[in-house]
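Let me begin by presenting the structure, written as structure tokens, before commenting on it.
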Amino acid sequence: MQRTLFLDADDTLWENNIYFERVVAAFLRKLQRRGVPTAIARQRLWDTEQRIIRRFGYGSHPFCRALAEVARQLACPDLTGWIYEQQKFLAHHPIELMPGVAQTLPALAECNRLILVTKGDPEEQLGKLHRAQLARYFTATEVVFEKNVATYRRLLRRHRAHAAHSWMIGNSPRSDINPAKAAGLNTVFIPYHTTWQHELEEISSNGGHTLVLDHFGQLADHFLDTRVLSPPATRRSPRSRSAHQESRA
Ligand SMILES: [Mg+2]
4 MQRTLFLDAD DTLWENNIYF ERVVAAFLRK LQRRGVPTAI ARQRLWDTEQ
54 RIIRRFGYGS HPFCRALAEV ARQLACPDLT GWIYEQQKFL AHHPIELMPG
104 VAQTLPALAE CNRLILVTKG DPEEQLGKLH RAQLARYFTA TEVVFEKNVA
154 TYRRLLRRHR AHAAHSWMIG NSPRSDINPA KAAGLNTVFI PYHTTWQHEL
204 EEISSNGGHT LVLDHFGQLA DHFLDTRVLS PPATRRSPRS RSAHQESRA
């Protein structure tokens, strides 16, 4: 059976969270200049964003909806125009690939079946894939509302993939690693350099081992032969790292 690599997109293939973090920092500065203490504004934004995510999912639109709601709550409706400009930028900014992706992804596609699995708004996520010019390497693209155990089981069935011959590769323990392990997949964790507070989570000790890499290019050391392999022998214990967070989507 052919090996299937399910690949996360945001902060695994391309930069994403840094743009949101820049907007948050600018938003907090603007509120501070209007007399709102940063700690209060940050907590209000966190609470509002978590509530909106549960209803509307991930991506720039729910994020900017949260910004607008917080601005109204804190009596700063004059920020509406600025928030709209941020939303346009977040939806259309140029794509910056993560280190090693441009060189490694084409080679991985020659030896594996690649399926993109990403959270968020389909139009927004497919737009990023188009701007990244990486679509040709994937046999399928899945934009899902949430990445949980049921999601991974559904993906295995839909793509007729065997869990033991499948890998989920991404930067989020909560979304890419732990639920995929619970569904029986092999996993590769590639930590991201900035994180989002949304999902503090240790890598689960349940399920198979997790291969931990420093960057995307190291996938070439493990997935460029055409045989279906057992999990690589070279592993670092994910427990050597402290609490992990995930970036947006
Ligand atoms: Mg990600």
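Using this note's numbering, you'd call the opening residue of the sequence shown number 4 and step up by one each time. All C-beta atoms in this analysis are idealised placements derived from N, C-alpha and C, irrespective of residue type, glycine included. What you are looking at is a predicted structure, and each value in this text was computed from that prediction instead of being measured.
In whole angstroms, what is the alpha-carbon distance linking Phe30 and Leu70? 8 Å
For the alpha helix (DSSP H) containing Gln48, name the first residue and the last one. A small fix is needed here, since residue 48 is Leu in this sequence, not Gln. It spans Thr41 to Phe59 - the alpha helix (DSSP H) in which Leu48 sits, taken as one unbroken run.
Quick check: the Cα distance between Asn19 and Asp13, rounded to an integer number of angstroms? Straight-line measurement puts the Cα of Asp13 at about 5 Å from the Cα of Asn19.
Just to confirm the assignment, what range does the beta strand (DSSP E) spanning Ala143 have? It spans Ala143 to Val147 - the beta strand (DSSP E) in which Ala143 sits, taken as one unbroken run.
Taking Val215 as the reference, give the member of Asn209, Ile172, Glu24 and Leu188 with the closest Cα. Ile172
On a Cα-Cα basis, can you pick out the residue from Gln221, Gln106, Lys122 and Ser207 that is closest to Phe59? Lys122
Closer than 7 Å: Ser175 CB and nearest ligand 1 heavy atom: yes
Using the C-alpha atoms, what's the distance from Ser178 back to Glu149? Between Glu149 and Ser178, the C-alpha separation is close to 8 Å.
Whose C-beta lies closer than 6 Å to the C-beta of Thr51 among residues of the same chain, with five residues either side of it excluded? In chain order, Ala69, Glu72 and Val73 place their CB closer than 6 Å to the CB of Thr51, counting only its own chain and leaving out the 5 sequence neighbours on each side.
Count the other CB atoms within 10 Å of the CB of Gln128; is the residue buried (16 or more) or exposed (fewer)? buried
Compute the Euclidean distance between the alpha carbons of Gln221 and Trp17, then round it to the nearest angstrom. Their Cα atoms are separated by approximately 16 Å.
Return the residue from the list Gln106, Arg160 and Glu99 that minimises the CA-CA distance to Arg134. Glu99
List, from N- to C-terminal side, the alpha helix (DSSP H) runs of 4 residues or more that fit wholly inside the stretch 172-211. Taken in chain order, the whole alpha helix (DSSP H) runs of length 4 or more contained in the stretch 172-211 are 181-185.
Taking 7 Å as the cut-off, is the C-beta of Thr144 nearer than that to any heavy atom in ligand 1? no
Helix, strand or coil, according to DSSP, for Thr15 in the structure here? coil
Which residue marks the beginning of the beta strand (DSSP E) containing Phe9, and which one marks its end? Thr7 to Leu10
Given the structure, does Ser124 come close to ligand 1, in the sense that its CB is under 7 Å from one of the ligand's heavy atoms? The sequence shown places Asp at residue 124, not Ser. No.
Which of helix, strand or coil does DSSP assign to Leu100? In the three-state DSSP reduction, Leu100 falls in the strand class (E or B).
Do you know offhand how far Ile21's Cα is from His168's? 33 Å
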